[in-house]
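The next block holds one structure in the form of structure tokens; read it before the comments.
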Amino acid sequence: MLLSSLLPISVFLLTCLTTLFVVRKSAQANSNTPTSIEKPQASSPAVARFLFRAGVLVDANTEALRLCSEIPTSRFDWEALHKVLSTKFPDFPSTQGAAQDRDLTVLKSCKPNDASTITLDQWNDVARVTIAPDGAPDSARRTAILQAMFQAPNPIWKVTSKGTVTWRNSAYKSLGATLGFCADTQHLFDTSSIKPGEPPQKFKLSSLDGTRTHWFNVTAVRAGKDTMYYATEADAEVSAQDARRSFVQTFSKTFAQLSTGLAIFDQNRKLILFNPALTELTGLSADFLSNKCDLFSFFDQLREHHVAPLRNTHAAWHVQNEEMLQQAKNGTYNETWSLPTGVTYKVSGRPHPDGALVILIEDITAAISVTRRFRSELEQMHGVLDVVDQSLIVVSPTGQIRLHNKAYRDLWKSDPDNCFADYTFNDALKHWEADCLPSPVWDKLKGRVLSTSDRSSWSATVAKKSGEEITLEVSPVAGGVTLLRFCESHTAEIALTATQ
């Protein structure tokens, strides 16, 4: 009886040993297929390792063969192993097969006092089963690390010192298949330019047909004599950079034609954008501005080029810059710089998104000159009118008092320029009526001055309560303006009944 029970087991062991050599040769066709089962170190606990192909056991180490000898079956295959392991590992699959290119699964025993684990590594039609007993925590930890690397969503690969890729994870192989490459024989990344310890570098990958392009940040890490490479997708980052670059170019082209000098400083107060008008107005070189000078260096250069107003000391200048910076952050900085050269600049500061700051420099010399010339001519006109003996007043089409002379102020004892509010024709009319006897002239005057249709000249006489007769002459002027002249004729003899 004993001899008959040992005979099938002996035949099984002989079959496994005879097929071992053939299976190892065929397994070398796949770069990910190990040429042999890794032998456990002497200090490691007994770990059983099985190698299956299409559900048939093709290789096993010493501990695995010992387990096989304890199972009473004439043919040890995947189904037999499932029957043995499913009691402690209910999630162990009943059939062999990988759900993806490389499927690595770690199973733990369901028994409370049993810490043994099973590592199931499957690819193509090959499966490697590793049973680590309770006393092999290091093996479980290594298996978990290997599982994390295999199933990482980003490409990971290992390269020898001679540049040979010896290991790739599933993401690396999937990326190669997506781009039309054979990841097992072709290198996707040319990593000769990146060394371990250096910052990540960007790599561009294009499909063989040129229809798709992907960007990756690749980092190199030393792993003994070899090097591990980790790639993370950078498509979104590159797209954002391209969009930002396109926006800056569009922004620059838009403001290149402006006559107002534009300087944009980032949140660190570094100059990130300027237009040609800034160099023309300030005399600062494009090289200096292109080197991303800071805000205070920018204003120091303005002072050196006599573009900014000079202060007594350098410290006072920096104090003013600090004040200007605080006002610009609030959007309230607005100054007029009158330079010794006769040029006048309007300088304003405005806050920008993300803590940035915008400085605008505008040449307002022409506008200031026109304003000054207009004020000078207006003063001269006032001087000319003041020497005229007749009382004159000029009314705009909207009823605003534009001009008047000294004779008018003396006659009516009124100065429209010193009024708190705007002094209009209606205000003056009320004053004239109050100083004169009742007359229908005032209603006619109001209709003529504020009319846009009847613009003929006319005159009338009114009498002041003090007894003087005033000749009122109305003369239309170009632009809808009306000139009123008040001429004193003589003292009227007014009947007693008229003054009552």
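Residue numbers (our numbering): 2 to 501. Even for Gly, the Cβ is constructed at its ideal location relative to N, Cα and C.
For Ser476, DSSP records a beta bridge to Leu484. In the structure shown, Glu469 adopts extended strand secondary structure according to DSSP, grouped into three states.
The C-beta of Gln101 has fewer than 16 other C-beta atoms within 10 Å across all chains shown, which makes the residue exposed. Using a Cβ distance threshold of 8 Å, Leu272 and Phe300 do not count as a contacting pair. When secondary structure is reduced to three states using DSSP, Pro417 falls in the helix class. Of the residues assessed, Gly350 falls on the buried side of the cut-off, its CB having 16 or more other CB atoms within 10 angstroms. Phe266 is a Cβ neighbour of Leu296, given a cutoff of 8 Å. Taken in chain order, the complete beta strand (DSSP E) segments of 3 or more residues contained in the stretch 297-379 are 334-339, 345-352, 358-364.
The beta strand (DSSP E) runs of length 3 or more contained entirely in the stretch 83-135 are, from start to end of the chain, 103-109, 118-124, 127-133. Residue environment for Val389: exposed (fewer than 16 other C-beta atoms within 10 angstroms of its C-beta). Distance between Leu180 and Pro201, taken at the CA atoms: about 22 Å. Per DSSP, the continuous beta strand (DSSP E) segment holding Phe275 begins and ends at 272-275. Residue state for Glu234 is assigned as strand, using DSSP reduced to three classes. Three or more Cβ pairs closer than 8 Å define a contact, and the stretch 413-429 falls short of that threshold against the stretch 466-480. Assignment of Gly177 by DSSP, reduced to helix, strand and coil, places it in the helix class. Per DSSP, the continuous alpha helix (DSSP H) segment holding His432 begins and ends at 426-436.
Judged by DSSP in its simplified three-state form, Lys159 adopts strand.
Shown here for His83: same chain residues with a beta carbon closer than 7 Å to its own, the five before and five after excluded, namely Phe93, Ser95 in chain order. Linking Pro113 to Val166 through their CA atoms gives a straight-line distance of about 42 Å. Excluding five sequence positions before and after Glu363, the CB atoms of its chain that fall closer than 6 Å to its own CB belong to Thr261, Lys347, given in chain order. Taking 8 Å as the cut-off, the beta carbon of Ala99 is found closer than this to the beta carbon of Gln123. For Glu71, the secondary structure class from DSSP, reduced to helix, strand or coil, is coil.
With distances taken between CA atoms, Ile146 lies nearest to Thr120 out of Gly164, Thr120, Ala244, Tyr230.
The C-beta distance from His306 to Leu279 rounds to 12 Å, too long to fall under 8 Å, and the pair is not in contact. Counting along the chain, Ala287 sits inside the alpha helix (DSSP H) bounded by residues 287-291.
Fewer than three pairs of CB atoms, one per stretch, sit closer than 8 Å, so the stretch 219-238 makes no contact with the stretch 331-342.
Residue pairing by DSSP places Glu489 opposite Ile471 in a beta bridge. For Leu393, the uninterrupted beta strand (DSSP E) segment begins and ends at 392-396. With contacts defined by Cβ atoms closer than 8 Å, Phe190 and Val219 form a contacting pair.
Per DSSP, His188 has no beta bridge partner at all. Phe182 carries a coil assignment under DSSP once its states are collapsed to helix, strand and coil. For Gly262, the uninterrupted beta strand (DSSP E) run begins and ends at 262-266, by DSSP. Counting the other Cβ atoms within 10 Å of the Cβ of Arg374 gives fewer than 16, which makes it exposed. Counting other Cβ atoms within 10 Å of its Cβ, Asp60 reaches 16 or more and is therefore classed as buried.
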